[in-house]
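Following: one structure in structure tokens, then a few remarks.
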Amino acid sequence: MGSKRQARDADIDAPKVMRQFWLTWSQETSHSRMCFEHLGSAVWKHASTSFRHISMPGYLSYGSISIEQGENMIDQLARNSAASDGGHPEGGFAALVPELSVTDLDRSLAFWCDLLGFQVAYSRKEAGFAYLQRGAIQIMLCRANGEWETAELQVPFGRGINFQMQVDSLDPLVESLTRAGWKLYRPVEEKRYRAGENWSICREFLVQDPDGYLLRFAADE
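As structure tokens, this is what we get:
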């Protein structure tokens with residue numbers, strides 16, 4: 173019984189099933205809002221095992237949502253369950269991992285991986301997503317899709333924030349960026365920061381990524 177269930181689930185494209193159900197429902201009802209409970213009961217039992225793993229109860233919570241919101245949820249569920257390569261980051265997931273919306277994932281990967289030395293732990297290429305790691309540093313890149321934007325994105329992205337990343341040495345990074353002709357936002361400087369009764373002393377520089385996010389690399393050297 174179990175093997176038959178697994179084979180049947182494997183043949184089901186859960187996002188496609190959910191989208192078709194949603195479109196059918198929205199065409200047949202005159203209401204602009206519906207109870208997502210109906211969508212859950214109709215599709216949950218048909219979702220594949222891997223798809224069902226993606227915190228589905230959170231998406232299928234009771235309450236009314238608009239058709240547009242429902243379609244957006246289905247789009248994100250499809251992106252979350254897209255084919256993936258790689259695996260969990262070495263050492264496990266960090267407690268805090270920023271996710272940056274980018275305009276061109278390939279261009280961003282060339283910068284982050286080729287110039288800054290990050291590696292792709294795993295990715296979902298069709299969804300435009302990559303999880304990067306460089307030692308203990310972890311960061312996510314995702315092609316902008318409207319899911320996380322609280323306002324219109326304008327270059328430079330990430331205004332008002334900078335991401336400080338601790339590395340063993342600044343020299344290899346600066347040399348790599350210089351060879352590529354990538355301009356630093358702020359050159360290498362020695363910085364002293366008061367930390368209680370002590371001082372934290374480091375060398376650091378700042379550089380912007382292709383979308384303008386401000387990155388601060390620091391080293392105790």
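The sequence shown begins at 173 in my numbering and counts up by one.
C-beta: ideal position from N, C-alpha, C; glycine also.
Cβ-based neighbour list, residue i, same chain, cut-off 7 angstroms, excluding 5 preceding and 5 following
i       : result
Val-346 : Val-360 and Phe-377
Gln-248 : Glu-319
Cys-374 : Lys-363, Ala-390, Ala-391 and Asp-392
Leu-325 : Ser-273 and Ala-316
8 angstroms CB neighbourhood of residue i in its chain, flanking five on each side removed
i       : result
Ala-293 : Gly-258, Gly-259, His-260, Pro-261, Glu-262, Tyr-303, Leu-304, Gln-305 and Gln-310
Glu-271 : Ile-311, Met-312, Leu-313, Cys-314 and Trp-320
Trp-284 : Phe-290, Leu-304, Ile-311, Leu-313 and Asp-381
Ala-323 : none
CB-CB length for residue i against residue j, believed under 8 angstroms
i       : j       : result
Val-269 : Met-312 : 6 angstroms
Leu-386 : Tyr-357 : 6 angstroms
Val-274 : Asp-383 : 5 angstroms
Phe-335 : Arg-388 : 7 angstroms
Nearest candidate by alpha-carbon position, reference residue i, set the options
i       : options                               : result
Leu-288 : Ser-273, Gln-380 and Arg-366          : Gln-380
Ser-256 : Arg-315, Cys-374 and Glu-298          : Glu-298
Phe-265 : Val-327, Trp-354, Gln-326 and Gly-307 : Gly-307
Asp-286 : Thr-350, Arg-375, Ala-390 and Asn-370 : Thr-350
Phe-301 : Phe-283, Asp-276 and Trp-354          : Asp-276
Ala-352 : Ala-282, Glu-324 and Ser-372          : Ala-282
Same chain only: Cβ atoms within 6 angstroms of residue i, ignoring 5 sequence neighbours per side
i       : result
Ser-280 : Val-274, Leu-313 and Pro-382
Ser-348 : Leu-287
Ala-254 : Arg-296, Glu-298 and Ala-299
Ser-372 : Tyr-365
Query raised in the report: Within the chosen definition, does the segment 314 to 323 reach the segment 332 to 349 through at least 3 CB pairs nearer than 8 angstroms?
Result: no
Report task. Any chance you could list the beta strand (DSSP E) runs of at least 3 consecutive residues sitting entirely within the segment 277 to 329, in chain order? Result -> 291 to 296, 301 to 306 and 309 to 315
Query - Any alpha helix (DSSP H) of 4 or more consecutive residues that is wholly inside the segment 251 to 281 - result: 277 to 281
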